[in-house]
Amino acid sequence: MTAKPNQTSIVVGIETSCDETAVAFVRGRELLSDVVASSVDEHARFGGVVPEVASRAHVEALAATLASAREQAGLEWSDVDAIAVTAGPGLVGALLVGVSAAQGLALALQRPLYGVNHLAAHVAVDRLVHGELPQPAVALLVSGGHTSLLRVDDVTADVTPLGQTLDDAAGEAFDKVARLLGLPFPGGPAIDVQARDGDRASIDFPRGLTHPGDADQHRHDFSFSGVKTAVSRWIRAREQAGEPVVVADVAASFQEAVVDVLSAKAIRACRDEGIEHLIVGGGVAANSRLRALVEQRADAHGIEVRIPPPRLCTDNGAMVASLGAALVERGRPTSNLGLPADSSLPVTEITLR
Amino acid sequence: MGPSGCRSIDPLRECLTSRVIVLAIDTATAATSVAISAPESVVSRRSVDAHGHVESLAPMIADVLVESGLEPKDIEVVACGVGPGPFTGLRVGIAMAISMGVALDRPVVGVGTHDVIAHAVLGFPHPSTPASAVTDGQGLIVATTARRAETFVSTYDTSGQRVSGPIALPNEDARHLLLSGDLAVAGDAVDALIGDALAHRRGPSHPDAADLAAIVESRRDSGEDWPNQADLDIDLDPATARGDTTAHLLAEHARGGRVLLPARPLYLRAPDAVSTADASTTVTGQDRRS
Ligand SMILES: [Zn+2]
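Respectively, the protein sequence lines represent chains E and L. Take the first sequence: its letter number 69 is residue 506 in my numbering, and every next letter is one higher. Take the second sequence: its letter number 285 is residue 1558 in my numbering, and every next letter is one higher.
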């Protein structure tokens, strides 16, 4: 089944790759509704997402999330032109709930189905905010699961990985350091808030993979396990010395070490590639210091930055619907009704058949 | 039959077409089974592949619709097996049923998967397993794989009424139970637990969605209402007691003589509380959230 290329297609997007059950409706580049049910509170006590808890929560939230997204869009199900769903990467059990639900919609409504790449969707969501994506662009995607620099020549067909984290994702480092500091999960927002009252120059935490020797082999790659270990050692040393640990200062200094590397490498990737457009996405893109530093450094090099509002940076259905609408617009091939899920779908595969 | 089951405006035809059109799905075992039960025909499909649910299910539903000569909008009730069964596959069928029900604006009904297997043996004469030959006038134990050295077990009397379960038992206890009495046995755990024993008292290994549809039809005929969707809204804590609470809900329904359940999985087991933050063995970096 192929959808007729159309700039005002109504596309429903479903996202269940981690702990958010999310459904959204778009018409072309217009966001009509965006409903997110999160199980984050249920994972908080474990300091991270528990895959089986996430999968169970998706099934529980599914019916209500679908129904309220449709209601808020003010549409009938029969108005839907196509269905898009995150087919990977992500937690396999969690992905399967969304993929099955999307297949059910495609079957019931007799409409085409697009199984899409979650990372490409994080890039595509910006169409809903700032209009059609500039081509080519560099994308910095930072979250609890991924830290990637991508070259995006066409978000519906041509995405090339430039670099990625070699160990922890940036958001994961935030979670772990938050735990060290006795802050709640997820760590990103908690550290962001603490850091506002702290001195970001007070402690010089290491910047991973920024030594001159890394400029060749790991030029666009990241590493955050070192900074996490450094924070842990620093806290222990202070405690053993009987000195106070000022949480705000540790948070601010740690956050600075992470966003310094992220922003510097993103700008360098743009300059290396001769690209003047940078798109930032993923949950960590909601971090206020990252947004400020990226914009400041991009300005200095004449690079135009696009960062969607925080709500659209974290996982949501709008990003999936937006990519789905772009795929419809470009007349890209649809997925089969027996669309599988692929927990390690490479970023170069924008759709899964 | 329930009065609201009649939709025909022709009173003569009403009795013939009193049955509703049911789409039935079960993915609680290694089998993916679907059926469309229409007034004059039942079309069903089953394939067995423990990891194939997500790729098989939707095409199979499309197939049975075509063969039935029906459109999706003709479906009046969506029914799904709610397990117990290994969780990932089980959720595929339930999520499918839920989304089709939402999109078609039709009720979604759950039935315990052991009830479906038992129905093949005890419900009414079944083409492949005549009831009398299998049970010899006794009841039935349904035993399905729970993985992790456990088996999900239910017992039934000869009328097809569930007497106990479903519960999760250690394999050794389940094996002992299967061999200890005069009951017939069915379900996909039986082979692994007792080998060739009781070969003359064996029912099917996997559920058949045609039985699931038949249960829904017969419960409807006997006046049982569609499950109250508000039952889905009870406040649960999925991190700890969700499985137990679901089993409790099932027991409540059974006490009320009800077979039709809300479309929510019967886990019978709390989830492993190992998070992605400290479980690199269970979740790879690429598997984590983004
Ligand atoms: Zn994400």
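From the three backbone atoms N, C-alpha and C, an ideal C-beta is built for every residue, glycine too.
Measuring from the CB of residue i, is there a heavy atom of ligand 1 at a distance below 6 angstroms?
{"i": "D752 of chain E", "result": "yes"}
{"i": "S669 of chain E", "result": "no"}
{"i": "S660 of chain E", "result": "no"}
{"i": "S580 of chain E", "result": "yes"}
For residue i, report the span of its beta strand (DSSP E) as first-last.
{"i": "R743 of chain E", "result": "E741 to R743"}
{"i": "A594 of chain E", "result": "Looking at the DSSP string, A594 of chain E is not in any beta strand (DSSP E), and its letter there is neither H nor E."}
{"i": "N554 of chain E", "result": "L550 to N554"}
{"i": "T1417 of chain L", "result": "L1413 to T1418"}
{"i": "D471 of chain E", "result": "E467 to S475"}
{"i": "L1534 of chain L", "result": "L1534 of chain L -> no beta strand (DSSP E), and no H or E assigned at all."}
{"i": "A634 of chain E", "result": "In the sequence under discussion, the amino acid at residue 634 of chain E is Asp, which differs from the Ala named in the question. Element bounds for D634 of chain E: n/a, residue is neither H nor E."}
{"i": "P1439 of chain L", "result": "R1435 to P1443"}
{"i": "G450 of chain E", "result": "I447 to E452"}
{"i": "F691 of chain E", "result": "Run containing F691 of chain E: none in the beta strand (DSSP E); it sits in the alpha helix (DSSP H), V684 to E710."}
{"i": "T1232 of chain L", "result": "Because chain L spans 1274 through 1563 in this model, residue 1232 of chain L falls outside it and cannot be assessed."}
{"i": "F1360 of chain L", "result": "No beta strand (DSSP E) contains F1360 of chain L, which is instead part of the alpha helix (DSSP H) from F1360 to L1377."}
{"i": "V1295 of chain L", "result": "V1295 to D1299"}
Taking only beta-carbon atoms, is residue i less than 7 angstroms away from chain E?
{"i": "I1334 of chain L", "result": "yes"}
{"i": "D1299 of chain L", "result": "no"}
{"i": "L1541 of chain L", "result": "no"}
{"i": "A1331 of chain L", "result": "yes"}
{"i": "P1544 of chain L", "result": "yes"}
{"i": "L1572 of chain L", "result": "Since the displayed chain L opens at 1274 and closes at 1563, residue 1572 of chain L lies outside it and no answer follows."}
{"i": "S1372 of chain L", "result": "yes"}
{"i": "T1361 of chain L", "result": "yes"}
{"i": "E1349 of chain L", "result": "no"}
{"i": "R1364 of chain L", "result": "yes"}
{"i": "V1394 of chain L", "result": "no"}
{"i": "P1439 of chain L", "result": "no"}
{"i": "E1328 of chain L", "result": "yes"}
When the Cα of residue i is compared with those of the options, which residue comes out closest?
{"i": "V517 of chain E", "options": "E:A694, E:R633, E:R616 and E:G450", "result": "E:G450"}
{"i": "T453 of chain E", "options": "E:I672, E:A481, E:G484 and E:V522", "result": "E:V522"}
{"i": "A1335 of chain L", "options": "E:Q540, E:T502 and E:V536", "result": "E:Q540"}
{"i": "L570 of chain E", "options": "E:D595, E:A735 and E:G582", "result": "E:D595"}
{"i": "G485 of chain E", "options": "E:R637, E:G625 and E:R656", "result": "E:G625"}
{"i": "V668 of chain E", "options": "E:A615, E:P549, E:A735 and E:S580", "result": "E:A615"}
{"i": "V1389 of chain L", "options": "L:A1543, L:L1450 and L:S1306", "result": "L:S1306"}
{"i": "G1438 of chain L", "options": "L:S1427, L:V1394, L:R1379 and L:R1318", "result": "L:S1427"}
{"i": "L1442 of chain L", "options": "L:T1418, L:P1544 and L:A1482", "result": "L:T1418"}
{"i": "H555 of chain E", "options": "E:A519, E:G525, E:L546 and E:V566", "result": "E:G525"}
{"i": "A632 of chain E", "options": "E:V765, E:F611, E:R548 and E:A543", "result": "E:F611"}
{"i": "S1478 of chain L", "options": "L:E1490, L:E1445 and L:A1393", "result": "L:A1393"}
{"i": "Q547 of chain E", "options": "L:G1354, L:P1380, L:D1347 and L:A1391", "result": "L:D1347"}
{"i": "R1531 of chain L", "options": "L:G1374, L:R1542, L:A1376 and L:E1497", "result": "L:E1497"}
Starting from residue i, trace the alpha helix (DSSP H) both ways and give me its first and last residue.
{"i": "H1387 of chain L", "result": "T1386 to A1391"}
{"i": "H567 of chain E", "result": "R564 to H567"}
{"i": "H495 of chain E", "result": "P488 to A510"}
{"i": "G608 of chain E", "result": "A607 to L617"}
{"i": "L727 of chain E", "result": "S725 to A737"}
{"i": "C750 of chain E", "result": "P747 to C750"}
{"i": "L544 of chain E", "result": "V529 to L546"}
{"i": "I787 of chain E", "result": "Segment: none, I787 of chain E is in no alpha helix (DSSP H) and carries neither H nor E."}
Would you check if the distance between the CB atom of residue i and the CB atom of residue j is smaller than 7 angstroms?
{"i": "P488 of chain E", "j": "G527 of chain E", "result": "no"}
{"i": "G635 of chain E", "j": "D686 of chain E", "result": "yes"}
{"i": "A1486 of chain L", "j": "A1368 of chain L", "result": "no"}
{"i": "A723 of chain E", "j": "L715 of chain E", "result": "no"}
{"i": "H583 of chain E", "j": "A557 of chain E", "result": "no"}
{"i": "S585 of chain E", "j": "Q601 of chain E", "result": "yes"}
{"i": "Q692 of chain E", "j": "R726 of chain E", "result": "yes"}
{"i": "G1383 of chain L", "j": "A1301 of chain L", "result": "no"}
{"i": "L1452 of chain L", "j": "I1414 of chain L", "result": "no"}
{"i": "L760 of chain E", "j": "V553 of chain E", "result": "yes"}
{"i": "A506 of chain E", "j": "S470 of chain E", "result": "yes"}
{"i": "L1533 of chain L", "j": "R1492 of chain L", "result": "yes"}
{"i": "S537 of chain E", "j": "V721 of chain E", "result": "no"}
{"i": "E1340 of chain L", "j": "V1316 of chain L", "result": "yes"}
If you measure from the CB of residue i, is any heavy atom of ligand 2 nearer than 6 angstroms?
{"i": "A1304 of chain L", "result": "Annotation note on ligand 2: not contained in the displayed structure, which lists ligand 1 as its ligands."}
Check whether the Cβ of residue i lies closer than 7 angstroms to any Cβ atom in chain L.
{"i": "A498 of chain E", "result": "no"}
{"i": "S669 of chain E", "result": "no"}
{"i": "P777 of chain E", "result": "yes"}
{"i": "A504 of chain E", "result": "yes"}
{"i": "S537 of chain E", "result": "yes"}
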